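Those protein sequences? They're chains A and B, same order as listed.
Its first residue numbered 1, the first sequence is counted upward by one per residue in my numbering.
Its first residue numbered 1001, the second sequence is counted upward by one per residue in my numbering.
All C-beta atoms in this analysis are idealised placements derived from N, C-alpha and C, irrespective of residue type, glycine included.
Small disclaimer: the values here were computed from a predicted structure and weren't measured.
Let me begin by presenting the structure, written as structure tokens, before commenting on it.
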Amino acid sequence: MIKQIFRYREILLVIIIAILLAVFSTRAPGFARPGNLSNIFNDTSILIILALGQMTVILTKSIDLSVAANVAFTGMAVGMLNASYPDLPLALIVLVALAIGAILGALNGLFVWKLKIPSIVVTLGTLTIYRGMAFVLSGGAWVNAHQMSEPFLQTPRQLFLGLPVLGWIAIIIVAVMYLVMSRTFLGRAIYASGGNPTAAVYAGIDVGRTRFFAFVISGTLAGLCGYLWVSRYAVAYVDIAAGFELDSVAACVIGGISTLGGIGSVAGAVLGALFLGVIKNALPVINISPFSQMAISGGVIIAAVIFNARQERRRGRIILRDRGASEQIEVAA
Amino acid sequence: MPIPDMPLLEMRGISKSFPGVKALNDVNIALYAGKVTALIGENGAGKSTLVKILTGIYSCDEGEIHVDGAPVAFANAQDAIDVGVTAIHQETVLFDELSVAENIFIGHAPKSRLGLVNWKAVNARALALLHSLESNIDPRIRLKDLSIAQRHLVAIARALSVDARIVIMDEPTAALSRKEVDDLFQIVKRLKAQGKAILFISHKFDEVYEIADHYAVFRDGKAVGSGELAGVEQNEIVKLMVGRSVEHAFPKVDIALGTTVFAVENYTHPTEFRDISFELRKGEIFGIYGLVGAGRSEICQSFFGITQPSSGKLKLDGKEITVRSPGEAINAGIVYVPEERGRHGAVLQLPIYQNVSLPSLARTSRSGFLNAAEEFALARKYAERFDLRAAALSVPVGTLSGGNQQKVVIGKWLATQPKILILDEPTKGIDIGSKAAVHAFISELAGEGLSIIMVSSELPEIMGMSDRVLVMREGLSAGIFERDSLSAETLVRAATGNASV
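As structure tokens, then:
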């Protein structure tokens, strides 16, 4: 029974998050009240969406370090657009955000696909470039709340069934990503490309093209988050979401998504993000300094990586009798 | 001086089993100081296992090893090195970014009193070693600046740096040009003159005759013949090597061959093969035979779109086609079951049904959306056909046993409903019993009208299963042989390029 739970990272995370909530609510009464939980979820929405994008990329044995820079550039772009043309409908602004994000993601994807540059190098480069573009675009100026239109600022804050629209957007994205990953050819290709790229090629899957689309998904979601971020914090400047790419990777790792690709689930990414969200919201409540918070988050990430590595070793070993594999087994024995 | 008849190293009654396979069965072999002994045998005859026992990587189940008449036991590779056994492998493992001297002494560099590497001694000893091989390579330059032949020399120097008396060369000429082979043989002769005992493993008879003094032939894990090479005809050795009646052991059903479904015309690749032409008929099993590196797998991979030819035509059902990617090949009805089914075959993290459907998804999915019911149906069909043992079709393939993983891999290719099935070494590494099952299955598929291209290094398999055989040598066609005219001698002769037999 215990083993079964440990085998499913998702169940384990649900239990851990529940225990955390219980412990925190003994120290801070009301922490686990529905109202506060809805706040925590709403607070974590952006991270959930970014983590889902990151997940698709990591599943294909790649990484996208440019997501936070993408958020900053897209956020700045739509913030300035809204400030200059306050009458533009919000739907159009969101579409623009999605499009800009998709283009930035596609650029990453093209470098990885066509030039075969490792994704960590490509996105380390575009991380700087996209943030630099945000500076060039704005000239270093801020877009403040008073320059933003009412719908731009208020729509994500509207309450619907007790949860702000921002939270609902995250829920919709989770549902869409679940469909994409489990029901579409692309989703399957993403898992196969990361799980065994050679086998995927032999099965007729274009691994490079699949990676490209994973980056486009990640970029598009980051673009959406660009708008959501600027609206939520009511300000756009060059350094927004600085370092947030690491949070998105951390959420994936905690959620059991293997950094070697091919293993992971939408539920895992969401729960990994929620776990970080709960910790971030709880620690200040129980008077733990921000610096200890960072240390705690870091410790959790390392623990998760160790846990993942152990699980990967158990899961799936090549035992077909080809030369290399049989020799390995014999030498090990 | 050692007594000429006293072997430097002798292996007696060596047996070694792996699960399901008896790799070596009561084998004897003797190596003499100052002599080259050629070890000859087909793939899977047990040569590599013998080398591994001799170098201490495997321990033998039964039997004794004697050096200078005294019994020795190798618990690990270091024990073998201590006794003076060293091996130069097929693909030498060297480090491009390190210097020649570092490559030679990696792992056992002379140390100074403080325990640091004594670079002066390393370079001086490397220089001395290279000089003893009559080479003037500077030990301080990086390995990546050397030619292939020079790298071989470094590998040999490394093997000799441990005071070896017994040198094993496992197909050292496989990747060398004729000129480089000549250089290598000069070195071998020098080693002979230094009184070392050499075990020389090669497929190529001309080389064996050129360099070896003694021979030992292995077949199916048994030593079937040995002695002095002088005066022994090549024919006799070929017979020893393959000598078993092949006809009745194979369940090849004679099928009336249909029309031509697949035609290859002057297929040429920039580096791997040139001017290959053949036709494949419905229900035919077309064998491709050749030595390792003859370009057999490479041409099959180009039919499957993994690599692109530089010129030539492919015709499927009379229509010219180009195959730019495996996806296109699968859609056209051509599938390729790779040699390394472990590494290239399954995505272990994915469930059985998703593995089976993976190459067929283009057919089963509708505008990008998967059809889970159809995927399960496909998986169930092939699971039943192959008697797959699994708790459920939704468990990851990584949790299955090896045999069942194999079934999933074959099932996934058949699920694409191909017209042409390319099998690369379909029975490599499989024990005799399972081989028969695979052969029966191949025959059955041909009987259903599938056209099969089968690449194999095993003569009995090629001769027993094929309607016709293309022999390839160094990327060229060395002839296409009809089933009636197949004999081990002709095939080996064509593959090794020795016309004098």
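In this chain, the beta strand (DSSP E) harbouring Val1224/B covers 1222 to 1228. With a minimum length of 4 residues, the unbroken runs of alpha helix (DSSP H) contained wholly in the stretch 207 to 249 of chain A fall at 207 to 233.
Excluding residues up to 5 positions away in sequence, Glu1272, Phe1273, Met1472, Gly1475 lie with their Cβ nearer than 6 Å to the Cβ of Gly1295/B in the same chain.
Residue burial annotation: Arg188/A is buried, with at least 16 other C-beta atoms found within 10 angstroms of its C-beta. The contact set of Phe1273/B on chain A, defined by CB atoms closer than 7 Å, is empty, because the minimum CB distance reaches about 20 Å.
At a cut-off of 7 Å between beta-carbon atoms, Arg183/A makes contact with chain B. The continuous alpha helix (DSSP H) containing Gly195/A extends over residues 185 to 195.
Using a CB distance cut-off of 7 Å, Ile1088/B does not count as an interface residue toward chain A.
Counted as a single uninterrupted DSSP element, the beta strand (DSSP E) harbouring Glu1279/B occupies residues 1276 to 1281.
In the pairwise beta carbon analysis, the stretch 1214 to 1230 of chain B is classified as touching the stretch 1028 to 1039 of chain B: at least three pairs are separated by under 8 Å.
Judged by DSSP in its simplified three-state form, Val1232/B adopts coil rather than helix or strand. Taking the C-beta atoms as reference points, Asp64/A is found nearer than 7 Å to Ser218/A. For a Cβ distance threshold of 9 Å, residue set Ile1306, Ser1325, Pro1326, His1344 of chain B lies close to Val201/A, ordered along the chain. Uninterrupted alpha helix (DSSP H) stretches at least 4 residues long and entirely within the stretch 1355 to 1439 of chain B occur at 1361 to 1364, 1372 to 1385, 1402 to 1414, given in chain order.
By the rule that beta-carbons nearer than 7 Å mark a contact, Ala269/A does not touch chain B. Per DSSP, the unbroken alpha helix (DSSP H) holding Asp1082/B starts and ends at 1077 to 1083. Where His1152/B is concerned, the enclosing alpha helix (DSSP H) starts and stops at 1148 to 1160.
For the C-beta of Ser1365/B, the chain A residues within less than 7 Å are, from N- to C-terminus, Phe185. Under the 8 Å Cβ criterion, the stretch 1116 to 1126 of chain B does not count as touching the stretch 1189 to 1207 of chain B, having fewer than three qualifying pairs. Rounded to the nearest whole angstrom, the CA to CA distance from Phe41/A to Ile279/A is 12 Å.
Separation of Ala28/A and Gly35/A (C-alpha to C-alpha, rounded to the nearest whole angstrom) is 14 Å. For the stretch 1260 to 1318 of chain B, the continuous alpha helix (DSSP H) assignments of 4+ residues that do not extend past its boundaries occur at 1296 to 1303, in sequence order. Taking the CA atoms as reference points, Leu21/A sits about 10 Å from Phe275/A. Inclusion of Ser289/A and Ala51/A in the CB contact set at 7 Å is not warranted, their separation being larger than that value. Contact between the stretch 253 to 271 of chain A and the stretch 182 to 199 of chain A is present: three or more C-beta pairs spanning the two stretches fall below 8 Å. Those residues of the stretch 236 to 264 of chain A placed with their C-beta closer than 7 Å to a C-beta in chain B are Gly262, Ile263, ordered along the chain.
Chain-ordered, the chain A residues with CB closer than 7 Å to the CB of Phe1369/B read Arg183, Thr184. With a threshold of 7 Å between beta carbons, Thr198/A makes contact with chain B. Here Lys1047/B has Leu1039, Gly1041, Ile1201, Phe1218 as same chain residues with Cβ atoms under 7 Å from its own Cβ, once five neighbours each way along the sequence are excluded. Counting only the Cα atoms, Pro151/A lies some 45 Å from Ile306/A.
As computed with DSSP, Ile1029/B is found in a beta bridge with Met1011/B. Residue range 1476 to 1482 is occupied by the beta strand (DSSP E) that includes Gly1479/B.
Inclusion of Glu1284/B and Leu1257/B in the CB contact set at 7 Å is warranted, their separation being smaller than that value. As computed with DSSP, Ile1040/B is found in a beta bridge with Val1217/B.
Interface flag for Ala72/A against chain B is unset, since no Cβ pair is found closer than 7 Å. Rounded to whole angstroms, the gap between the alpha carbons of Ile93/A and Leu163/A is 23 Å.
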